[in-house]
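See structure below.
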Amino acid sequence: MMDIVFAQQLTNLRKQKGLSQQQLADKLYMTRQAVSKWETGESSPDLNRMQEIADILDVSVQVLLFGTQVEPGKTSFRDKVSEYMQQDEADKDWHQNHRWRQWQYSPITNGWEFLARYYWLLFALIGMIGWFTLQYLK
């Protein structure tokens with residue numbers, strides 16, 4: 025597991041770039057005290073500000089946070105998600121086996137299709153009418 029070394033990285037990268045805390049703060053439209061707190065580890069910037077800092081220092085956010093780039097053999101989170109989102113043969117087979125759902129969600133074109141899909145609704149309606157009739161006749 026990678027350790028977050030943002031405070032040390034910010035200080036080192038800022039000095040390598042030849043920027044003072046005030047100069048970095050001016051570029052970020054922040055105070056020098058905020059940059060100082062980030063470098064001492066008292067606080068940390070939000071993710072948007074982290075990206076701005078990385079852009080100013082010409083490094084990636086990963087370098088800024090962890091001190092290293094992602095190793096070439098490792099895949100990023102975005103790559104893993106896109107890999108899982110791709111449709112494979114098992115997905116295609118599942119869709120072929122469940123084509124009846126297309127019928128279920130297609131528009132109703134006649135009364136027989138309505139009865140085939142909603143017969144249970146008719147049972148409930150007849151039951152309610154029967155119950156109300158019995159209550160009314162009592």
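Take the position in the sequence shown, starting the count at 1, then add 24; the result is the number in this note's numbering. Using N, Cα and C, we set each Cβ at its ideal position, and we do this for glycine too.
CA-CA distance, residue i and residue j?
i	j	result
Lys41	Leu52	15 Å
Tyr143	Gln110	39 Å
Val87	Glu63	15 Å
Asp50	Ala58	11 Å
Phe138	Leu145	10 Å
Ser68	Val85	13 Å
Gly154	Leu161	11 Å
Phe156	Ser106	57 Å
Thr55	Asp79	18 Å
Ser44	Ser60	10 Å
Gln120	Tyr108	20 Å
Glu113	Ala31	47 Å
Closest to residue i by C-alpha separation, out of the options, would be which residue?
i	options	result
Leu89	Leu146, Phe147, Trp155, Asn36	Asn36
Val29	Glu66, Gln45, Leu43, Gln57	Glu66
Gly91	Gln33, Leu48, Gln159, Lys162	Gln33
With a threshold of 16 other CB atoms inside 10 Å of the CB of residue i, please say whether the residue is buried or exposed.
i	result
Ala140	exposed
Pro131	exposed
Ile77	buried
Leu158	exposed
Leu81	buried
Closer than 8 Å is the cut-off here; do at least three beta carbon pairs connect the segment 100-113 with the segment 68-80?
No: fewer than three Cβ pairs fall under 8 Å.
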